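Sequence order for the protein chains is A and B.
To get this note's numbering, take the position in the first sequence, counting from 1, and add 41.
To get this note's numbering, take the position in the second sequence, counting from 1, and add 41.
To keep things clear, I will list the structure first and then write my remarks on it.
There are 2 protein chains.
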Amino acid sequence: MSDDAKTTQARLLDAAENLFASKGFDQVSIRELAAAADVNVAAVNYHFQSKENLYRQVITRRYAGQRDRTVAALEDLLKGSGGTPDLAEVIGIMVRQYLEGTLAAPEGPGFLMAVSREMHGQQPHVSEALFREMIAPVFQAFSAAILQARPHLTSGQLSWTIASIVGQVHHFIMRWIKKESLRQDTESLAIMMNVFPPLGEPLPEYIRLVTDHVTAFSTAAVDGMFPEVAS
Amino acid sequence: MSDDAKTTQARLLDAAENLFASKGFDQVSIRELAAAADVNVAAVNYHFQSKENLYRQVITRRYAGQRDRTVAALEDLLKGSGGTPDLAEVIGIMVRQYLEGTLAAPEGPGFLMAVSREMHGQQPHVSEALFREMIAPVFQAFSAAILQARPHLTSGQLSWTIASIVGQVHHFIMRWIKKESLRQDTESLAIMMNVFPPLGEPLPEYIRLVTDHVTAFSTAAVDGMFPEVAS
DNA sequence: AAATAGTTTAAACAAATGTTTTAACCGTGT
DNA sequence: ACACGGTTAAAACATTTGTTTAAACTATTT
Numbered sequence: 042m043s044d045d046a047k048t049t050q051a052r053l054l055d056a057a058e059n060l061f062a063s064k065g066f067d068q069v070s071i072r073e074l075a076a077a078a079d080v081n082v083a084a085v086n087y088h089f090q091s092k093e094n095l096y097r098q099v100i101t102r103r104y105a106g107q108r109d110r111t112v113a114a115l116e117d118l119l120k121g122s123g124g125t126p127d128l129a130e131v132i133g134i135m136v137r138q139y140l141e142g143t144l145a146a147p148e149g150p151g152f153l154m155a156v157s158r159e160m161h162g163q164q165p166h167v168s169e170a171l172f173r174e175m176i177a178p179v180f181q182a183f184s185a186a187i188l189q190a191r192p193h194l195t196s197g198q199l200s201w202t203i204a205s206i207v208g209q210v211h212h213f214i215m216r217w218i219k220k221e222s223l224r225q226d227t228e229s230l231a232i233m234m235n236v237f238p239p240l241g242e243p244l245p246e247y248i249r250l251v252t253d254h255v256t257a258f259s260t261a262a263v264d265g266m267f268p269e270v271a272s
Numbered sequence: 042m043s044d045d046a047k048t049t050q051a052r053l054l055d056a057a058e059n060l061f062a063s064k065g066f067d068q069v070s071i072r073e074l075a076a077a078a079d080v081n082v083a084a085v086n087y088h089f090q091s092k093e094n095l096y097r098q099v100i101t102r103r104y105a106g107q108r109d110r111t112v113a114a115l116e117d118l119l120k121g122s123g124g125t126p127d128l129a130e131v132i133g134i135m136v137r138q139y140l141e142g143t144l145a146a147p148e149g150p151g152f153l154m155a156v157s158r159e160m161h162g163q164q165p166h167v168s169e170a171l172f173r174e175m176i177a178p179v180f181q182a183f184s185a186a187i188l189q190a191r192p193h194l195t196s197g198q199l200s201w202t203i204a205s206i207v208g209q210v211h212h213f214i215m216r217w218i219k220k221e222s223l224r225q226d227t228e229s230l231a232i233m234m235n236v237f238p239p240l241g242e243p244l245p246e247y248i249r250l251v252t253d254h255v256t257a258f259s260t261a262a263v264d265g266m267f268p269e270v271a272s
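If you want it as C-alpha cells, here you go:
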C-alpha cells in the first residue's frame, strides 16, 4: 500500500513513529510531522487532539504487538518444555524479542526505539500507562518463565537478575541507535565503532551477537551467583 | 559560601548543573536558569556565549574530577595488589565511582545525571568531546585493570564484558533518577517501587546494594563464560 | 574627580512552537 | 440538485524560545 493510499491518520502515525524514534518527542515539531506525512499541520490536532496524544498512540499501537508476541513466545516455551524450560532459552527469547521489536520490526525502521527512550527519559508522557499495560505483563511473564527454569531463586534475586538483563539490552539498543544517528558525523562514528566492536555488523548480525552474548553472560551470572544446591 | 557570595558565573554553573541533571537540556530554558541562579537572562549569553556552551562547561567541569578519581582509584588498586588485582574489586571500584559520581557527589545533588542522559541521548551536544576526553580514559583504565585480573580474556571478550557492566550501571542510575522525578506522582511511584524492590532504600544504601549486585553478577558472569584454564 | 573596563539590567528581537479558527472541499444520501 | 457530516487547507494566534541591544551601574585606575 503506497503512502498516498493510506488515510491521513495512518500516514501521520507512520511518520510520527519514525520521527519520534529517531529524534525523540521534543525534537520533532508538528510541522515536521505534517510535512513527512504530507498532510496539513492542523491534521495532528484534528485527528489526535494533541501532539502528546499522537505520541501516546504511536507507542501503544506498536507496543501491544510486541507485548503479545513476547508473552506468547514465553508461554510456548513453557508448554514445549513441559514446565522446565532451559534458562538460556528463556533469556534468549526475551532479549531477541526486545531487540527485534525495537530495532528491526517488519512494520518499518525505527519502530520502538521510542520506548527505550521513554523508559530512560524524564518526560512522563506515557510512562504510567505504558508501564502498567505494556511493560508489566512482559515483566510478569518473564519472571514466571525464569522461575520455572530456576525455582530456587527468591523474588529478590529474581528482580535483580531481570534488572541486570534489561539494563544490558537497553544499553545495546541505545548503542545501535546512537550509531545510526551519527551516520553523518564520520569522526565520532569511527571512534565509537573502534571502541565497540560489534557495531560494525549489519543489524541482523548485531541482534544475533547481542542476543547470544547477553544470554550467555546472564545465564552464567545467575548460575554463578545463585548455585542450585546439588540434589 | 552562600549563594549570593558566589560570582554570577559560579551561580549559573551550579544552577545549571542541577536543572540540567533533573530535567535534561531541552527542558530547561534560559529564563528558568537565570531565575534559579538569581541572575539576569542575558548573563548566560554574556558569560557563556550560548546555552549549549554552558551545558558543555557544566559537564566537563564535573566530569573531569570524576574521571580523575576513577582512574586514580583503579591505579591505586593495581599498585596495591602488585599487578594481580581481584576482579570483584576492579568492577566494584568502577561501579561505585560511577554511581557516586552520578547520584551522590559531594558537590551537590544532581551532579552528573546529565552525563548518563547524554550518553543515552540523541543530542550530540557534547558527545564527541565528552567521549574522547572523559569516557575514553576511564574506559581504558578499566580495561587495563580487568585485563590484569583476568589476563586470558581476549579484547573482544573484554569489550563485551564492559558493555554489559556499563549497561547495568546506567540502568540502575536511570531507575533512581526516574524515581526521583516521580516524587509527585505517587501512583506511578508506588507501582515502580513495588516492582523494583531496592528503590525504597535511601541513596547510600541503594548505591551499596547496586554496587554489590552488579559486581557479583558480572564477576560470576565473566568467570562462568570465560573460565581460566587450570594451570 | 574623571575615565575606563567589566558587569548587570530591562527591553526588544526574530524565530519556532503547539494549537485554533474559518473557510473551502469532498463524497454520500435524499 | 442540494444539503450535510467529515475532512482538509491556509492563515492567524498566543506563547515560548535563545539571543541581542543599549543603557545603567560598579568598582578600579588615572
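Each residue gets a CB set at the ideal place from its N, CA and C atoms; glycine is no exception.
Since this is a predicted model, take the numbers as computed values, not measurements.
Which of the three DSSP states is assigned to residue i in this structure?
{"i": "His212(A)", "result": "helix"}
{"i": "Asp79(A)", "result": "coil"}
{"i": "Lys220(A)", "result": "helix"}
{"i": "Glu269(B)", "result": "coil"}
{"i": "Val85(B)", "result": "helix"}
{"i": "Ser205(A)", "result": "helix"}
{"i": "Gly124(A)", "result": "coil"}
{"i": "Leu194(A)", "result": "coil"}
{"i": "Ser70(A)", "result": "coil"}
Name, please, each residue of chain A whose Cβ falls closer than 9 Å to the Cβ of residue i.
{"i": "Ile232(B)", "result": "Glu169, Phe172, Arg173, Ala177"}
Along the chain, where does the alpha helix (DSSP H) containing residue i start, and where does it finish?
{"i": "Gln107(B)", "result": "92-121"}
{"i": "Ile248(B)", "result": "244-266"}
{"i": "Arg137(B)", "result": "128-144"}
{"i": "Pro238(B)", "result": "From DSSP, Pro238(B) is part of no alpha helix (DSSP H); its letter is neither H nor E."}
{"i": "Asp293(B)", "result": "Nothing can be reported for residue 293(B): it is not among the residues displayed for chain B, which extend from 42 to 272."}
{"i": "Pro178(A)", "result": "177-190"}
By how many angstroms is the C-alpha of residue j removed from the C-alpha of residue i?
{"i": "Glu246(B)", "j": "Lys120(A)", "result": "40 Å"}
{"i": "Gly151(B)", "j": "Lys64(B)", "result": "Residue confidence for Gly151(B) is low, a pLDDT of 48 falling below 50, so the modelled location carries little weight; the figure read from the coordinates is stated next. Cα to Cα, the separation comes out at about 10 Å."}
{"i": "Pro268(B)", "j": "Ala257(B)", "result": "16 Å"}
{"i": "Tyr96(B)", "j": "Glu58(B)", "result": "8 Å"}
{"i": "Gly123(B)", "j": "Ala185(B)", "result": "14 Å"}
{"i": "Ile214(B)", "j": "Lys47(A)", "result": "42 Å"}
{"i": "Thr101(A)", "j": "Leu128(B)", "result": "43 Å"}
{"i": "Gly149(A)", "j": "Glu141(B)", "result": "Residue placement at Gly149(A) is poorly supported in this model, since its pLDDT is 47, which falls under 50; the coordinates are not used for a value here."}
{"i": "Met42(B)", "j": "Ala77(B)", "result": "At Met42(B) the pLDDT is 47, less than 50, meaning the model places this residue with poor confidence; the figure from the coordinates comes in the next sentence. Spanning the two alpha carbons is a distance of roughly 17 Å."}
{"i": "Ser91(B)", "j": "Glu116(A)", "result": "54 Å"}
{"i": "Leu188(B)", "j": "Ile71(B)", "result": "46 Å"}
{"i": "Gly208(A)", "j": "Leu250(B)", "result": "16 Å"}
{"i": "Ala262(B)", "j": "Val263(A)", "result": "8 Å"}
{"i": "Ala170(B)", "j": "Asn94(B)", "result": "12 Å"}
{"i": "Gln198(B)", "j": "Ile206(B)", "result": "12 Å"}
{"i": "Arg110(B)", "j": "Glu221(A)", "result": "32 Å"}
{"i": "Phe183(A)", "j": "Ile248(A)", "result": "19 Å"}
{"i": "Gln75(B)", "j": "Asp55(B)", "result": "The sequence given here has Ala at residue 75(B), not Gln. About 11 Å."}
{"i": "His193(B)", "j": "Leu53(A)", "result": "53 Å"}
Taking residue i as the query, report the chain B residues whose CB atoms sit under 9 Å from its CB, ordered along the chain.
{"i": "Gln284(A)", "result": "Only positions 42 to 272 of chain A appear in the structure, and residue 284(A) is not among them; the question remains open."}
{"i": "Ser200(A)", "result": "Val236, Phe237, Pro238, Pro239"}
{"i": "Gly142(A)", "result": "By Cβ distance, chain B contributes nothing, its closest Cβ being about 18 Å from Gly142(A), past 9 Å."}
Please compile the residues from chain A whose C-beta is within a distance smaller than 7 Å of the C-beta of residue i.
{"i": "Phe258(B)", "result": "Ser205, Ala262, Met266"}
{"i": "Gln209(B)", "result": "Ser205, Gly208, Gln209"}
{"i": "His254(B)", "result": "Trp201"}
{"i": "Gly197(B)", "result": "Pro238"}
{"i": "Asp67(B)", "result": "Asp67"}
Are there any heavy atoms of the ligand NAP lying less than 7 Å away from the beta-carbon of residue i, as far as the coordinates show?
{"i": "Ala75(A)", "result": "Annotation note on the ligand NAP: not contained in the displayed structure, which lists no ligands."}
Quick one: list the residues of chain A neighbouring residue i, beta-carbon separation under 8 Å, in chain order.
{"i": "Asp127(B)", "result": "Ordered by position in chain A, no residue passes the 8 Å Cβ test against Asp127(B), which lies about 15 Å from the chain."}
{"i": "Glu228(B)", "result": "Glu169"}
For residue i, go through chain B and note every residue whose CB falls closer than 8 Å to its CB, in chain order.
{"i": "Phe180(A)", "result": "Val236"}
{"i": "Phe213(A)", "result": "Ala204, Gly208"}
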